[in-house]
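A.B. asks:
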Amino acid sequence: MTEFPTRQPPSAGQHPDPPIDVEFGHASSSSPQQSEMQQPSLSPAQPATSAKNLSPLFHFLLCWLALLVLTNPRIITPAALVGYAQSLVRIVYRLPLSQLSWQRPPAVTDSRIIRLRRAIIGQESGANYRAVNPHSGALGYGQVMPANVPVWTQQALGRSLTSQQFLNDPDAQIATIDYKLQQYWREAQAVTSKEDEIVRRVASKWYSGNPRLWNNTRPQFYKGHPYPSIANYTYSVLRRYRRQS
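Its first residue numbered 2, the sequence shown is counted upward by one per residue in our numbering.
In structure tokens form, the structure reads like this:
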């Protein structure tokens with residue numbers, strides 16, 4: 002599936018350089034009511050039974066499951082396999098079904114990603130999770146293009162959101178932004194070890210879809226509306242990033 006550029010540039014003069022203290026409890030004046038939703042730092046449930054105490058029944062069931070899969074490859078669907086695996090874990094560890102979540106565990110976000118996220122959010126929306134670009138329809142804190150929302154939220158959250166669901170959910174926005182910024186950071190880090198350049202490359206991809214244009218000074222336009230050059234945008238994000246050091 003084609004991945005669209007994250008967003009089109011913000012309106013000229015829309016947020017030329019809003020305050021950096023976007024701490025989401027002390028947000029910029031453009032969005033005094035917003036508050037950042039902290040990502041939970043959850044620890045996986047510790048099984049009550051040690052691996053050393055696995056019963057013979059477990060080994061029997063495990064062999065039975067493997068035999069079932071090998072002899073019925075067309076019958077055993079992925080969903081059924083997950084169900085069987087959940088049952089095995091519940092038998093061995095005596096865990097309630099509510100504790101068996103197969104969704105992606107919450108990630109521990111690098112402090113650099115948090116700083117970069119705050120810098121981009123300050124630049125894009127002034128920390129307004131309800132912001133909608135009047136020209137492109139870009140959404141929320143990070144001004145994500147609507148065409149990207151279903152795919153990005155599926156990647157980041159394990160479920161696909163509509164544009165309206167995304168706009169209404171600041172937690173989902175933060176998690177999705179962090180997920181994509183971590184991805185872009187790794188890509189930039191494979192090209193250069195200079196942190197300033199990494200930040201600008203990530204910002205360039207967020208703004209234009211192309212990290213290699215991080216120093217491009219050509220003015221940008223969207224549907225006839227002027228926007229800052231990619232170089233100006235990435236410099237602005239870098240300044241915000243540095244001020245949080």
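Glycine included, every Cβ here is placed at the ideal spot set by N, Cα and C. Please read all numbers here as calculations on a predicted model, not as lab measurements.
So what does DSSP say about Val192, is it helix, strand or coil?
C.D. replies: Taking the sequence shown and counting its residues from 1, one reaches residue 192 at position 191. Coil.
A.B. asks: Within the continuous beta strand (DSSP E) that includes Tyr223, where are the two ends?
C.D. replies: Translated into the one-based positions of the sequence shown, residue 223 becomes position 222. That run of the beta strand (DSSP E) goes 221 to 223.
A.B. asks: Could you compute how far the alpha carbon of Lys224 sits from the alpha carbon of Asn169?
C.D. replies: Along the sequence shown, one-based indexing puts residue 224 at 223. Along the sequence shown, one-based indexing puts residue 169 at 168. So the two alpha carbons sit approximately 27 Å from each other.
A.B. asks: Does DSSP put Leu140 in a helix, in a strand, or in coil?
C.D. replies: Reading the sequence shown from its first residue, position 139 is the one you call residue 140. In this structure, Leu140 counts as strand in the three-state DSSP scheme.
A.B. asks: For Arg244, which of helix, strand or coil comes out of DSSP?
C.D. replies: Counting from one through the sequence shown, the residue named residue 244 turns up at place 243. The three-state secondary structure of Arg244, taken from DSSP, is coil.
A.B. asks: Would you decide whether Asn211 is buried or exposed? Buried here means 16 or more other CB atoms lie within 10 Å of its CB.
C.D. replies: Here the question's residue 211 lines up with position 210 in the sequence shown. That one is exposed.
A.B. asks: Measuring only the C-alpha atoms, how far is Ser137 from Ala173?
C.D. replies: As a working mapping, residue 137 is identified with position 136 in the sequence shown. As a working mapping, residue 173 is identified with position 172 in the sequence shown. Their backbone Cα atoms lie some 21 Å apart in a straight line.
A.B. asks: If you count every other CB in all the chains shown that lies within 10 Å of the CB of Thr177, and 16 or more means buried, which is it?
C.D. replies: Residue numbering aside, residue 177 sits at position 176 when the sequence shown is read from its first letter. It is buried - the Cβ of Thr177 has at least 16 other Cβ atoms within 10 Å.
A.B. asks: Measuring CA to CA, which of Leu158, Val150, Ile175 is closest to Gln165?
C.D. replies: As a first step, residue 165 must be located in the sequence shown, where it is residue number 164. Nearest option by C-alpha distance: Val150.
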